[in-house]
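A.B. asks: Quick note, the sequences are listed as chains R and D, same order.
Take the position in the first sequence, starting the count at 1, then add 368; the result is the number in my numbering.
Take the position in the second sequence, starting the count at 1, then add 368; the result is the number in my numbering.
Protein chains: 2
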Amino acid sequence: MLKLGSAGSLASLAGAVPGVMAEALAEAATARVSKWDVFELSLQGPSAGNPFAEVELSAAFVLGHRTVKVEGFYDGAGSYKVRFMPDEPGAWTWTTSSNAPALDGKAGAFHCVAPGPENRGPVSVRDSFHFGYADGTPFVECGTTCYAWAFQSEATQRQTIETLAASPFNKLRMCLFPKWYLHNRKEPPLYPFPRQGETNDFSKFNAEYFQHLERLILELRHIGVQADLILFHPYDKWGYQSMPAEVDDRYLRYVIARFSAYRNVWWSLANEYDLMQAKTAKDWDRYARILGEYDAFDHLRSIHYGNQPYQYGRGWCTHAGVQDSRLMLGADWRANWRKPVVFDECRYEGNIAPTWGSLSGDAMTRRFWLAAAQGCYCGHGETYLDPNDILWWSHGGVLHGSSAEKIAFLRGLIEETIGVGPGPIGFTNIGEDPPGARRANDAVIFYYFDEQQPAEGNYTLPEGKTYTAEYVDTLKLTRTPLPGEHSGNAAIKLPGTPWGSLWFRQKGVA
Amino acid sequence: MLKLGSAGSLASLAGAVPGVMAEALAEAATARVSKWDVFELSLQGPSAGNPFAEVELSAAFVLGHRTVKVEGFYDGAGSYKVRFMPDEPGAWTWTTSSNAPALDGKAGAFHCVAPGPENRGPVSVRDSFHFGYADGTPFVECGTTCYAWAFQSEATQRQTIETLAASPFNKLRMCLFPKWYLHNRKEPPLYPFPRQGETNDFSKFNAEYFQHLERLILELRHIGVQADLILFHPYDKWGYQSMPAEVDDRYLRYVIARFSAYRNVWWSLANEYDLMQAKTAKDWDRYARILGEYDAFDHLRSIHYGNQPYQYGRGWCTHAGVQDSRLMLGADWRANWRKPVVFDECRYEGNIAPTWGSLSGDAMTRRFWLAAAQGCYCGHGETYLDPNDILWWSHGGVLHGSSAEKIAFLRGLIEETIGVGPGPIGFTNIGEDPPGARRANDAVIFYYFDEQQPAEGNYTLPEGKTYTAEYVDTLKLTRTPLPGEHSGNAAIKLPGTPWGSLWFRQKGVA
Chain R
369 MLKLGSAGSL ASLAGAVPGV MAEALAEAAT ARVSKWDVFE LSLQGPSAGN PFAEVELSAA
429 FVLGHRTVKV EGFYDGAGSY KVRFMPDEPG AWTWTTSSNA PALDGKAGAF HCVAPGPENR
489 GPVSVRDSFH FGYADGTPFV ECGTTCYAWA FQSEATQRQT IETLAASPFN KLRMCLFPKW
549 YLHNRKEPPL YPFPRQGETN DFSKFNAEYF QHLERLILEL RHIGVQADLI LFHPYDKWGY
609 QSMPAEVDDR YLRYVIARFS AYRNVWWSLA NEYDLMQAKT AKDWDRYARI LGEYDAFDHL
669 RSIHYGNQPY QYGRGWCTHA GVQDSRLMLG ADWRANWRKP VVFDECRYEG NIAPTWGSLS
729 GDAMTRRFWL AAAQGCYCGH GETYLDPNDI LWWSHGGVLH GSSAEKIAFL RGLIEETIGV
789 GPGPIGFTNI GEDPPGARRA NDAVIFYYFD EQQPAEGNYT LPEGKTYTAE YVDTLKLTRT
849 PLPGEHSGNA AIKLPGTPWG SLWFRQKGVA
Chain D
369 MLKLGSAGSL ASLAGAVPGV MAEALAEAAT ARVSKWDVFE LSLQGPSAGN PFAEVELSAA
429 FVLGHRTVKV EGFYDGAGSY KVRFMPDEPG AWTWTTSSNA PALDGKAGAF HCVAPGPENR
489 GPVSVRDSFH FGYADGTPFV ECGTTCYAWA FQSEATQRQT IETLAASPFN KLRMCLFPKW
549 YLHNRKEPPL YPFPRQGETN DFSKFNAEYF QHLERLILEL RHIGVQADLI LFHPYDKWGY
609 QSMPAEVDDR YLRYVIARFS AYRNVWWSLA NEYDLMQAKT AKDWDRYARI LGEYDAFDHL
669 RSIHYGNQPY QYGRGWCTHA GVQDSRLMLG ADWRANWRKP VVFDECRYEG NIAPTWGSLS
729 GDAMTRRFWL AAAQGCYCGH GETYLDPNDI LWWSHGGVLH GSSAEKIAFL RGLIEETIGV
789 GPGPIGFTNI GEDPPGARRA NDAVIFYYFD EQQPAEGNYT LPEGKTYTAE YVDTLKLTRT
849 PLPGEHSGNA AIKLPGTPWG SLWFRQKGVA
């Protein structure tokens with residue numbers, strides 16, 4: 369009865385019937401699932417009636433003293449699944465519970481083993497203001513946006529993955545519902561709920577729709593990209609922005625059950641939550657509670673606004689994912705909210721009519737630098753007019769702009785230095801002008817000159833430490849070591865060009 | 369006894385003694401002074417004691433029903449002067465009053481005639497938010513800054529005048545007191561008050577010091593540059609920032625008596641008034657009252673701050689002369705204060721260490737455009753390191769940067785359009801994004817794209833009017849007519865380059 373995981377890192381186990389429990393356990397002990405990969409349990413159960421609404425299924429996973437409970441889900445055609453992401457090596461056992469006898473009381477086991485080299489685990493907040501993989505590697509957040517890429521042609525989706533794989537971007541903001549908006553006026557190939565004409569049957573899910581989404585999430589995982597899943601958004605013509613509360617809740621539990629075992633999942637309650645007029649503050653609170661209750665893997669959680677900043681200090685959200693062009697507020701927000709601040713949306717590089725979509729590539733790059741100097745992170749998007757109306761920001765495809773390469777350069781600098789020396793990772797704004805940021809251990813300090821072009825500068829370096837200095841042209845992408853060693857009040861000769869950045873590295877600290 | 373004005377447009381009359389009054393009047397009728405030029409009366413009087421403190425002198429100038437009273441001043445060596453700027457053609461008569469018999473009861477007359485072509489009269493506020501010359505010509509304010517140029521070598525002063533004459537700048541911010549600051553650490557050639565060692569004799573003025581200043585004001589007048597005279601400032605080592613109140617007041621009356629007949633004078637109570645810790649709000653109010661009481665010619669008046677915006681809505685000031693980099697606040701300020709807003713200081717083009725002095729030329733240019741799109745005006749300065757430590761911002765000399773040419777281009781566009789069609793002159797911010805501004809009569813509308821690079825745009829044009837369109841590259845300084853005529857909701861194809869500006873001109877309106 370055991371069916372071990374097939375494609376890639378997925379391990380699946382058909383439910384063992386009680387009579388063969390011992391055999392199942394014995395065999396399962398040979399089932400090996402890498403830490404932070406997915407253990408998937410597939411069971412056959414009832415297909416009559418409406419299993420989406422009527423059948424309850426969950427499983428408890430046990431390792432030593434720990435029990436982790438997750439919900440399963442109905443995948444159509446009598447097929448039920450439970451997905452689990454083990455985070456600790458060892459022999460895990462599991463037992464199912466269901467109101468359907470065919471699914472209840474199944475049990476089994478698998479062995480969780482050390483992950484492969486590309487598997488660093490899920491990302492979580494590290495050192496209050498930054499991110500790290502579960503294996504300890506700092507995660508230098510560098511996001512982009514393809515809101516509706518999941519609803520484009522297969523060819524475009526393939527192209528999107530290829531583009532992402534070759535890009536500096538390691539997080540993708542994407543909607544789980546299709547999008548109806550400027551440059552987005554077509555029906556999706558599939559609908560999340562059965563639909564006849566203009567009528568949704570919210571009592572069921574369209575399993576195929578969600579199977580497709582999870583293939584995309586897995587493809588992103590394969591190329592090392594975090595999937596920042598946007599659960600609700602206002603750009604809708606199908607009724608998904610104003611479903612009954614119980615449908616919202618069932619939808620959330622369904623996507624949590626389906627997707628939360630994928631280590632690259634982040635949750636965003638909404639794109640522009642405050643523009644969704646059918647929802648109240650209580651609704652958003654309830655959604656947050658549902659995430660907290662059902663996501664056993666505690667993925668990163670945030671929400672994105674249209675006009676007024678959300679109160680990101682609230683307990684449920686792990687970081688701020690803001691829409692704002694006021695990059696200079698980042699350091700204050702960080703300090704107030706005590707969380708990482710990601711400028712997920714600060715307008716996009718492109719050339720369309722709206723000002724939110726016509727930044728020059730250099731202006732987009734500048735925003736990434738301003739965010740970095742605030743000790744924060746920034747988000748990219750591209751909105752270049754295209755003869756086929758394929759705009760990266762929503763549809764994916766290919767990149768046309770000039771910022772990605774320059775953002776890659778910045779990401780490289782941050783990655784090189786985010787963890788240099790002991791103590792907490794990442795940068796904190798210095799509160800000076802020109803803006804700059806420093807490591808808590810003072811091993812790395814940088815200034816960003818923006819529109820300024822000083823030919824000299826005076827910098828007060830931390831006492832008793834000696835630094836080398838490097839001049840970085842953030843647009844020409846050059847790095848030029850400056851002569852000498854510096855300490856105390858350092859007077860530095862600079863090239864006097866705009867869009868520069870000055871980097872101090874403590875001598876002998878790596 | 370009559371000595372008629374010598375150099376240039378200056379007319380001087382030696383005081384006529386009562387006995388020869390009729391003769392004086394007859395001869396004076398042949399004395400001709402151009403409207404808005406200076407009538408200067410020179411009298412010999414007491415030189416014993418301290419004439420600066422002890423001798424009072426004023427004159428009443430009469431034309432028909434009007435009487436205008438101005439104060440005279442002691443110019444040293446027994447010489448007293450009264451200066452007057454007639455603003456109306458006709459036969460003016462004058463009579464002196466003094467506590468010194470030799471200066472009292474003198475009388476005379478002169479004939480005010482039409483001005484020459486270069487003489488447009490003083491500048492005042494026009495149409496609430498803009499400026500105009502007294503002859504009706506709009507004045508497109510375009511300022512720069514040489515705080516301490518009056519205290520540099522003769523050669524540098526000469527160079528400054530030549531540079532200004534060839535520049536787009538038509539207003540110069542300059543201090544009446546010498547400056548002690550970064551890059552300004554030398555003694556001036558002259559002091560405003562007699563000085564022995566470190567001790568000032570505040571009971572007297574150094575006439576030579578003020579004679580020098582007025583020569584410079586006249587040279588500026590000659591090349592068509594407004595002299596924005598800064599009366600107090602904090603960058604001082606000689607004690608001028610903290611003189612006794614009665615000295616401040618006497619100083620103000622003295623410079624008003626000396627300079628206010630020059631039509632190109634503007635008054636600025638201070639540079640960075642809020643950094644002058646020895647002064648209170650009451651002091652600044654008193655200075656403003658003195659200007660109001662003694663400046664018979666009602667020159668433009670403002671004050672400049674260091675940190676917090678002054679309450680420019682107050683009655684005494686004619687316009688706001690702000691120090692601020694927040695150009696986007698201009699339209700709101702204008703609406704709140706109901707006055708022209710000039711961003712007199714918004715940092716300078718240059719390459720020195722402080723961020724206020726290291727803007728790139730393009731960044732300086734950008735600020736002028738942002739101000740223009742707010743319906744406001746901007747100020748220039750240059751702080752390039754120089755082997756002789758001659759920095760334009762303070763010392764004058766020559767310009768090294770790239771913004772002046774680009775600012776000239778903008779000034780040209782504004783001058784071409786500020787008065788097109790009927791109604792009030794000048795531009796008002798549209799309140800849209802991208803920022804733009806329009807004439808009240810809608811004859812001219814422009815948008816500034818800043819970092820945006822739209823390849824298309826949609827513009828709602830005023831009903832029933834037809835426009836031509838022009839694309840302006842604000843950095844490459846090109847003007848490209850766009851094809852077609854536009855009205856209603858106009859969809860325009862644009863080049864898709866950053867730093868552009870789109871200008872609509874109503875067809876047939878000039």
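Glycine residues also receive a C-beta, built at the ideal position from the N, C-alpha and C atoms.
Within 10 angstroms of the Cβ of Pro708 (chain R), are there 16 or more other Cβ atoms? Answer buried if so, exposed if not.
C.D. replies: Counting Cβ neighbours within 10 Å, Pro708 (chain R) comes out buried, since at least 16 surround it.
A.B. asks: Can a CB atom of chain D be found closer than 8 Å to the CB of Ala823 (chain R)?
C.D. replies: So yes, Ala823 (chain R) belongs to the interface.
A.B. asks: I'd like to check one pair, Phe795 (chain D) with Gly743 (chain D): are the Cβ atoms closer than 8 Å?
C.D. replies: A contact, by the Cβ cut-off of 8 Å.
A.B. asks: Is DSSP giving Phe711 (chain R) helix, strand or coil here?
C.D. replies: Looking at Phe711 (chain R) - three-state DSSP - the assignment turns out to be strand.
A.B. asks: Would Thr842 (chain R) pass as a contact of Ile775 (chain R) if the rule is Cβ separation under 8 Å?
C.D. replies: Contact: no.
A.B. asks: Mapping the DSSP letters down to three states, classify Asn418 (chain D) as helix, strand or coil.
C.D. replies: Three-state result, Asn418 (chain D): coil.
A.B. asks: Beta strand (DSSP E) containing Lys474 (chain D): first to last residue?
C.D. replies: Here Lys474 (chain D) belongs to no beta strand (DSSP E), and DSSP marks it neither H nor E.
A.B. asks: Between Ala482 (chain R) and Thr461 (chain R), is the Cβ-Cβ spacing less than 8 Å?
C.D. replies: For Ala482 (chain R) and Thr461 (chain R), no; Cβs fall outside 8 Å.
A.B. asks: Output needed for Asp730 (chain R): all residues of its chain with C-beta closer than 8 Å, excluding positions within five of it in sequence on either side, in chain order.
C.D. replies: Only Ser770, Ser771, Lys774, Leu843, Trp867 meet the Cβ criterion.
A.B. asks: Counting contacts by CB-CB distance shorter than 8 Å, is Thr723 (chain D) in contact with chain R?
C.D. replies: Thr723 (chain D) counts as touching chain R.
A.B. asks: Where does Ser535 (chain D) land, buried or exposed, given buried means 16+ other C-beta within 10 angstroms?
C.D. replies: Buried, because 16 or more other Cβ atoms sit within 10 Å of the Cβ of Ser535 (chain D).
A.B. asks: For Lys861 (chain R), count neighbouring Cβ atoms within 10 angstroms of its own Cβ and tell me buried if that reaches 16, exposed if not.
C.D. replies: It is exposed - the Cβ of Lys861 (chain R) has fewer than 16 other Cβ atoms within 10 Å.
A.B. asks: Does chain C have any CB closer than 8 Å to the CB of Gly864 (chain D)?
C.D. replies: Any reference to chain C falls outside this structure, whose protein chains are R and D.
A.B. asks: Please list the segments of the beta strand (DSSP E) lying wholly inside the stretch 713 to 756 of chain D, counting only runs of 3 or more residues, in order along the chain.
C.D. replies: Whole beta strand (DSSP E) segments, 3+ residues: zero.
A.B. asks: Can you find a C-beta in chain D that's less than 8 Å from the C-beta of Pro802 (chain R)?
C.D. replies: True, the Cβ-Cβ gap to chain D drops below 8 Å.
A.B. asks: What residues of chain D sit near Ile720 (chain R), judged by a beta carbon separation below 8 Å?
C.D. replies: Those are Pro822, Ala823, Glu824, listed as they occur along chain D.
A.B. asks: Taking just the CA atoms, how far does Glu750 (chain R) sit from Phe524 (chain R)?
C.D. replies: Per the sequence shown, residue 524 (chain R) should be read as Thr rather than Phe. One C-alpha to the other measures close to 15 Å.
A.B. asks: Verify whether the separation of the beta carbon atoms of Cys510 (chain D) and Asn538 (chain D) is less than 8 Å.
C.D. replies: Against a cut-off of 8 Å, the Cβ pair of Asn538 (chain D) and Cys510 (chain D) comes out as a contact.
A.B. asks: With Trp760 (chain R) as the anchor, note down where its alpha helix (DSSP H) starts and where it stops.
C.D. replies: 760 to 763 is the extent of the alpha helix (DSSP H) around Trp760 (chain R).
A.B. asks: State buried or exposed for Arg694 (chain D), treating a residue as buried only when at least 16 other CB atoms are found within 10 Å of its CB.
C.D. replies: That one is exposed.
A.B. asks: Anything in chain D within Cβ reach of Ala731 (chain R), meaning under 9 Å, just list it in chain order.
C.D. replies: Chain D residues near Ala731 (chain R): Asp818, Glu819, Gln820, Gln821, Pro866.
A.B. asks: In whole angstroms, what separates the C-alpha of Arg589 (chain R) from that of Ile782 (chain D)?
C.D. replies: Whole-angstrom Cα-Cα distance: 55 Å.
A.B. asks: To which residues of the same chain is Asp455 (chain D) closer than 6 Å at the C-beta, ignoring the five residues directly before and after it?
C.D. replies: There are no such residues.
A.B. asks: Could you list the residues in the stretch 584 to 595 of chain D with a C-beta less than 8 Å from some C-beta on chain R, going in chain order?
C.D. replies: Answer set for the stretch 584 to 595 of chain D: empty.
A.B. asks: I'd like the list of long-range same chain contacts for Gly876 (chain R), defined as Cβ closer than 6 Å, with 5 residues on each side in sequence excluded.
C.D. replies: Correct list: empty, nothing qualifies.
A.B. asks: Measuring CB atoms only, is the stretch 637 to 645 of chain D touching the stretch 404 to 424 of chain D, in the sense that at least three cross pairs come out at less than 8 Å?
C.D. replies: No contact exists between the stretch 637 to 645 of chain D and the stretch 404 to 424 of chain D.
A.B. asks: Shorter than 8 Å from the beta carbon of Ser726 (chain R) to some beta carbon of chain D?
C.D. replies: Chain D contact via Cβ: present.
A.B. asks: As a quick exercise: from D:Asp700, D:Met696, D:Phe573, pick the residue whose alpha carbon is nearest that of Tyr442 (chain D).
C.D. replies: Nearest C-alpha to Tyr442 (chain D): D:Phe573.
A.B. asks: Would you check if the stretch 544 to 564 of chain R and the stretch 601 to 610 of chain R touch, i.e. whether three or more CB-CB distances between them fall below 8 Å?
C.D. replies: Flag = yes, the stretch 601 to 610 of chain R and the stretch 544 to 564 of chain R touch.
A.B. asks: What are the boundary residues of the beta strand (DSSP E) that Trp462 (chain D) is part of?
C.D. replies: Note, Trp462 (chain D): beta strand (DSSP E), 458 to 466.
A.B. asks: Using a cut-off of 9 Å between C-beta atoms, extract the partners of Leu753 (chain D) located in chain R.
C.D. replies: Here the neighbours are Ala823, Glu824, Gly864.
A.B. asks: From the DSSP output, which residues share a beta bridge with Asn826 (chain R)?
C.D. replies: Partner(s): R:Ala859.
A.B. asks: Quick check: the Cα distance between Gly780 (chain R) and Leu550 (chain R), rounded to an integer number of angstroms?
C.D. replies: The straight-line gap from Cα to Cα measures roughly 34 Å.
A.B. asks: Which residues does DSSP list as the beta-bridge partners of Pro506 (chain R)?
C.D. replies: Paired residues: R:Gly500.
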